[in-house]
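Colleague: Here it is, the structure in full.
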Amino acid sequence: MATAYYDVGPSRRGLDACAPAANSARVPTLHRHDRPLPVAPSLRRGLTPPLSVAPMMDCTDRHYRYLMRQITRRTLLYTEMIPATTIIHGDRARFLDFDPIDHPVAIQLGGDDPAALAECARIAEGWGYDEINLNVGCPSTRVSSGNFGACLMQRPAVVARAVEAMRAAVSIPVTVKHRIGVDDHDRYEDMLTFVHTVAEAGTDRFTVHARKAWLKGLSPKQNRSVPPLRYGDVHRLKRELPHLDIEINGGFVDFDSVDEQLAHVDAVMIGRAAYDNPWLFADADRRYFGLDWAPQSRRAVVEAMIPYVAEQRAQGLRPHHVTRHMMHLYAGMRGARAWRRHLAERGQEPGVGAEVLREALELVPADA
């Protein structure tokens, strides 16, 4: 029997999204203790799904998530990171709208102001999201200059206040994604201090990217591969804090490595491999969620995407906005190069519609 990790009912997109938050202006004060107070299991919200796809800028938008839901129904999906100021002052529908098929879906927020983050969390819950995640791992200069992302690992009290404020504003899980360290603050003890402090605020899950972040000297792309992976530090964190839900992220490209990690931690998050080879997740629901379901074939996935592309085209969106996420659906298969070329070139032609996918299907094996 499948485990229901989240309420995957219909989206409440837009309901009461603009009403003022009664508690967004007040940021609760943390009570400090000599030893951290673990979150009691009865107070922790939700259950940690064993598998998720990492939030990735310019990748995990609503069109990518719609594609992934043709491949896996239960893997937890994330939005791209959305700055709190964008939600408060920007076009909310543009950044928050999603299809009900996305559930379970978490929104990742960026920011360091507890009141603003609490307001965004309340808006996101009203929009129908299943989880709020705070970004404490992004190493980009733009993010760091805004005083959020990985630089917040050096300000654990700020993160704790933000988590506490968001938990006071919503009833859904509030989680944190972070690195094992930043710059020279990269000892295991530094991460332990961060987690101890933030755990006091009631964080429902810690997702740990098992690399440190260099805020100066490495680009965001280099920060995904140059700093060495330190899985042992994340395993140790779970051993020493068994009452916390710990998810590991970084460098996983297949489910055998996921299985190895699940012997040490509660969950595994896959990043770039989920984008570069989405078909990897074809067996995810049976393998990790107990569902007797899997997509019939890549072709069946494409056929399911055709009406979606047509619907988006009718709303004025060029097919490339959707098909760019499908480039690697046939990764490693005969015809993959022709598939990618056709989508890249034909998908951007003026006036083209969903036929771009029907044409591309002629370039790959019918039984794939």
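Throughout the sequence shown, residue numbering follows this note's numbering, covering 9 to 376 in sequence.
C-beta atoms are modelled at their ideal positions from N, C-alpha and C, and glycine is treated no differently.
Small disclaimer: the values here were computed from a predicted structure and weren't measured.
(1) Look at the Cβ atom of K185, then the Cβ atom of V242, and state whether they are nearer than 8 Å.
(2) Mapping the DSSP letters down to three states, classify Q323 as helix, strand or coil.
(3) Which residues does DSSP pair with I256 in a beta bridge?
(4) When you compare the region 104 to 124 with the region 59 to 75, are there three or more beta-carbon pairs, one atom per stretch, that lie closer than 8 Å?
(5) Less than 8 Å between the CB atoms is what I'm expecting for P122 and A173, so what's the real figure, rounded?
(6) Can you tell me where the alpha helix (DSSP H) with V203 in it begins and where it stops?
(7) Using C-beta distances below 7 Å, list every residue in its chain close to T201, excluding the 5 sequence neighbours before and after it, in chain order.
(8) Is the distance from the Cβ of C67 to the Cβ of Y296 below 8 Å?
(9) Note down, in chain order, each residue of its chain lying with its Cβ closer than 7 Å to the Cβ of S32, except the 5 sequence neighbours on either side.
(10) Straight-line CA distance for R366 to A302?
(11) By the 10 Å Cβ neighbour count, where 16 or more other Cβ atoms means buried, how is E319 classified, buried or exposed?
(12) Measure the alpha-carbon distance for A12 versus H204 and round it to whole angstroms.
(13) Does DSSP put Y296 in a helix, a strand or coil?
(14) First and last residue of the beta strand (DSSP E) that includes H186?
(15) For A290, which option in L51, R82 and G54 has the closest C-alpha, if you only look at C-alpha atoms?
(16) Answer yes or no: does any C-beta atom of chain B fall closer than 8 Å to that of D293?
(17) Tell me which same chain residues have a C-beta within less than 8 Å of the C-beta of L38, skipping the five on either side of it?
(18) For E127, name the three-state secondary structure that DSSP assigns.
(19) Grab me the residues of A218's own chain with a C-beta within less than 8 Å of its C-beta, minus the 5 sequence neighbours each way, in chain order.
(20) For L104 versus A132, is the C-beta spacing smaller than 8 Å?
(21) Take P235 and list the residues in its own chain whose beta-carbon comes closer than 8 Å to its own, dropping the five residues that flank it on each side.
(22) If you draw a straight line from the alpha carbon of A281 to that of H251, how long is it in whole angstroms?
Modeller: Taking the coordinates as given:
(1) With contacts defined as CB atoms closer than 8 Å, K185 and V242 fail to qualify as a contacting pair.
(2) Coil.
(3) In the DSSP assignment, the residues bridged to I256 are V216 and V276.
(4) As far as the Cβ criterion goes, the region 104 to 124 touches the region 59 to 75, which means the pair count is three or higher.
(5) About 4 Å; that satisfies the 8 Å criterion.
(6) Note, V203: alpha helix (DSSP H), Y196 to A207.
(7) P164, listed in sequence order.
(8) Their beta carbons are not under 8 Å apart, which means C67 does not touch Y296 by this criterion.
(9) Note on S32: pLDDT 34, under 50, position unreliable in the model; the coordinate value appears next. Its chain contains A123, A126, E127, R130 and A177 as the residues whose beta carbon lies nearer than 7 Å to that of S32, once the 5 sequence neighbours on both sides are disregarded; these appear in chain order.
(10) Rounded to the nearest angstrom, the two C-alpha atoms are 22 Å apart.
(11) Exposed is the call here.
(12) Any reading at A12 must be qualified, since the residue scores a pLDDT of 39, below 50, and its modelled position is unreliable; the value itself is stated next. Distance between the alpha carbons of A12 and H204 is about 29 Å.
(13) Helix, per DSSP.
(14) Residue range V182 to V190 is occupied by the beta strand (DSSP E) that includes H186.
(15) The shortest C-alpha separation from A290 is found at R82.
(16) Among the protein chains of the structure shown there is no chain B, as only one such chain exists.
(17) Interpretation of L38 is limited by its pLDDT of 36, a score under 50 that renders its predicted location unreliable; the figure taken from the coordinates is listed afterwards. So the qualifying residues of the chain are A165, A168, R169, E172, E208 and A209.
(18) Here E127 sits in helix by DSSP.
(19) Leaving aside the five residues that flank A218 on each side, the residues in its chain whose CB is nearer than 8 Å to its CB run, in chain order, I188, L237, R238, Y239, D241, V242, I256, N257, G258 and G259.
(20) Yes, the pair counts as a contact, with Cβ atoms nearer than the cut-off.
(21) R219, K220, A221, W222 and L226, listed in sequence order.
(22) Between the alpha carbons of A281 and H251 lies a distance of about 30 Å.
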